Amino acid sequence: MQCSHKSVKKQLFIFITFMISMFSLSANELPLQKDSISRIEYPPEIQYISALIQNKDTSTLVYESWKGFEMNEGDLHYAELTVLNEKIEFDTAKVVLPNKNTLIRSSISHVRIDGVDWLYFIESNRFKSDAIAYRAKLKDSALVEQEKISLEITLSPSSNARWHAMNNNNVALVYTDKKCCKLYFSVSKDGVKFETPRYIGNSGFMPHLSSFSDGKLLYLFQKSFGSSKKKSNGKPIYIMKSHFRVSNNYGQTWSEYTPITLTDDTVHDAKAILRLDGNIDIYYVYPIQEGKGLSLWRRCINTNGGLGNEELVVQHDFGNIAKPSIHRLENSKMLVTFVEQGKVVLEGDHNIYGAIISADSECI
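Going left to right, the sequence shown walks through residues -27 to -1, 1 to 337 as mature numbering (1 follows the signal peptide of the UniProt record, and there is no 0) numbers them.
#1: Would F217 and Y257 qualify as a contact pair, given that the criterion is a beta-carbon distance under 8 Å?
#2: Assess, as a yes-or-no matter, whether the segment 196 to 204 is touched by the segment 244 to 257 under the definition of 3 or more beta carbon pairs within less than 8 Å.
#3: Would you identify the three-state DSSP class for K155, choosing helix, strand or coil?
#4: Buried or exposed for F(-15), going by 16 or more other Cβ atoms inside 10 Å?
#5: Quick check: A106 and L116, are their CB atoms within less than 8 Å of each other?
#6: Excluding the 5 residues flanking V147 on each side, which residues of the same chain have their C-beta closer than 6 Å to its C-beta?
#7: Report yes or no: do three or more beta-carbon pairs, one from the segment 81 to 96 and one from the segment 50 to 61, lie closer than 8 Å?
#8: Thinking just about the alpha-carbon of each residue, which of F291, N142, N252 is nearest to the one in K265?
#9: Kindly give me the distance between the Cβ atoms of F167 and E125, rounded to whole angstroms, as I take these residues to be in contact under 8 Å.
#10: Could you tell me whether the Cβ atoms of V287 and L269 are closer together than 8 Å?
#11: For E229 and M213, I'd like the C-alpha separation in whole angstroms.
#12: What number of angstroms, rounded off, separates the C-alpha of N140 from the C-alpha of D187?
#13: Return the CA-CA distance between E96 and V165, expressed in angstroms with no decimal places.
#14: In angstroms, rounded to a whole number, what distance separates the CA positions of I210 and K204?
#15: Looking only at its own chain, which residues have a Cβ that is under 8 Å from the Cβ of V312, when we skip the five neighbours before and after it?
#16: Using the Cα positions of K7 and Q27, report the straight-line distance between them to the nearest angstrom.
#17: Around the Cβ of V317, are there at least 16 other Cβ atoms within 10 angstroms (buried) or fewer (exposed)?
#18: Does the distance from the C-beta atom of V219 to that of L190 stay below 8 Å?
#19: Just confirm the distance between the C-beta atoms of D242 and C273, as a whole number of angstroms; I'd bet it's less than 8 Å.
#20: Would you list the one or two residues that DSSP bridges to V258?
#21: Pull the bridge partners of N324 from the DSSP assignment, please.
#22: Rounded to whole angstroms, what's the CA-CA distance from Y36 to D90? Just pull it up for me.
#23: Return the chain-ordered ranges of every beta strand (DSSP E) run that is complete within the segment 57 to 100 and spans a minimum of 3 residues.
#24: I'd like the ranges of any beta strand (DSSP E) spanning at least 3 consecutive residues and lying wholly in the segment 149 to 201.
#25: Spatial neighbours of G321 within its chain, please: CB distance less than 6 Å, with the 5 preceding and 5 following residues excluded, ordered by chain position.
#26: Check for me: the beta strand (DSSP E) holding A134 runs from which residue to which?
#27: Check residue 340 in the structure and name its three-state DSSP category.
#28: State the Cα-Cα distance for the pair H300 and I122, rounded to the nearest angstrom.
#29: Once DSSP output is grouped into helix, strand and coil, what is the label at S114?
#30: Where T239 and T231 are concerned, what is the direct C-alpha to C-alpha distance, given to the nearest angstrom?
#31: Enumerate in chain order the residues of its own chain whose CB-to-CB distance from A52 is below 6 Å, with the five nearest sequence positions on each side excluded.
#32: Report buried or exposed for S114, applying the criterion of at least 16 other Cβ atoms within 10 angstroms of its Cβ.
#33: Cβ of residue 376 within 8 Å of Cβ of S23?
#34: When the Cα atoms are used, what is the spatial distance from A332 to L3?
#35: Would you mind stating whether S132 and F100 have Cβ atoms separated by less than 8 Å?
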């Protein structure tokens, strides 16, 4: 049986289109494969969230590192990095100087104010004890020009405090109440003296703040959620799930809280990044399948609270993933960091990894 000239041309066109699409895919199209992911740290310490400072000469990743799961002692580590096409290379990790006078230095955030890079963090002697908040610049591996932050409340490492530069050039602070577990929002005009914090009307954990390009705020947090699964007595089984609220007046009021996904699995560790189109991408973890480890996902959210399709970020068999952080690089690509917890969380390495993501998620 012979094919017509038109049929051959059509098949050839399909084949060429397929080959072009294959070659145009970057080396790390989602989900990220193991060979595109770089390990930054090794035992014995464990790591959590990260911050990224970029300048003309170097890019430096700063992150929390703890001496064990008891979290009795923690410090800030840093690693300079180089991006080569779709691959990232990290120098040997080192401890940020000067040596702290307390047992814990944590809650790292990067805030850029008028073109100046600041690291915000806290210092304390216990995970749930009173902490002092600071900001400083990082120069030649050391914190310089350190300033004490003026707060009307007391934070602790368990508050999971995070700082964020809003579009009006004010700096916002979000945190969980030290006594557990109300969520608060506070603002500073100069980045040092913060106003009386406002309760947002929710209790929860792991707060995170981000801004849309139009100035609206996205407040992420995780809280108890009644799933569709039932106990033997007919009552719902409650799980931990990440939610969001949106503010269109710089935190004066907030929309109703909404889960970022309706899966019946635990969803947590949500972080956000401003997209190139002005919307936001949310990164979060939950199991790809019941009984499996946590996988890293992302989806778009627009200023009206509309959510895009979910995308798997890292191949599901990479490991049990948690604590993602996402950073925009100067070349418009993104650096994502996360930890791999191991099958048994309290027995795994819990070390930090990094990888390059080429583009934002698909947004509806």
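Glycine residues also receive a C-beta, built at the ideal position from the N, C-alpha and C atoms.
Keep in mind the model is a prediction, meaning the values are calculated, not measured.
In brief:
#1: no
#2: no
#3: Under the three-state reduction of DSSP, K155 is assigned to strand.
#4: With a pLDDT of 36 at F(-15), under the threshold of 50, the modelled position of that residue is not reliable, and no figure is offered here.
#5: no
#6: Taken in chain order, the residues that qualify are R135, F158, P180, L182.
#7: With the cut-off at 8 Å, the segment 81 to 96 and the segment 50 to 61 do not touch.
#8: F291
#9: That pair is a contact at about 7 Å.
#10: yes
#11: 18 Å
#12: CA-CA distance, N140 to D187, rounds to 8 Å.
#13: 16 Å
#14: 6 Å
#15: I19, Q20, Y21, I294, A295, K296, H323, N324, I325, Y326
#16: 26 Å
#17: exposed
#18: yes
#19: D242 to C273, Cβ: 18 Å. No contact.
#20: H241, L269
#21: E313
#22: 15 Å
#23: 60 to 63, 77 to 86, 89 to 97
#24: The beta strand (DSSP E) runs lying completely inside the segment 149 to 201 and spanning 3 residues or more are 155 to 161, 171 to 176, 178 to 184, given in chain order.
#25: Q314, G315
#26: First-last for A134: undefined, no H or E at that position.
#27: The question about residue 340 has no answer here: the residues shown for the chain are numbered -27 through 337.
#28: 24 Å
#29: coil
#30: Using only the alpha carbons, I get a separation of about 15 Å.
#31: Closer than 6 Å at the Cβ level, and outside the excluded window around A52, lie I13, L34, F63, D64, A66.
#32: exposed
#33: Summary: the structure shown does not reach residue 376, with the chain confined to residues -27 through 337, and so no result is reported for it.
#34: A332 and L3: Cα-Cα distance of roughly 10 Å.
#35: no
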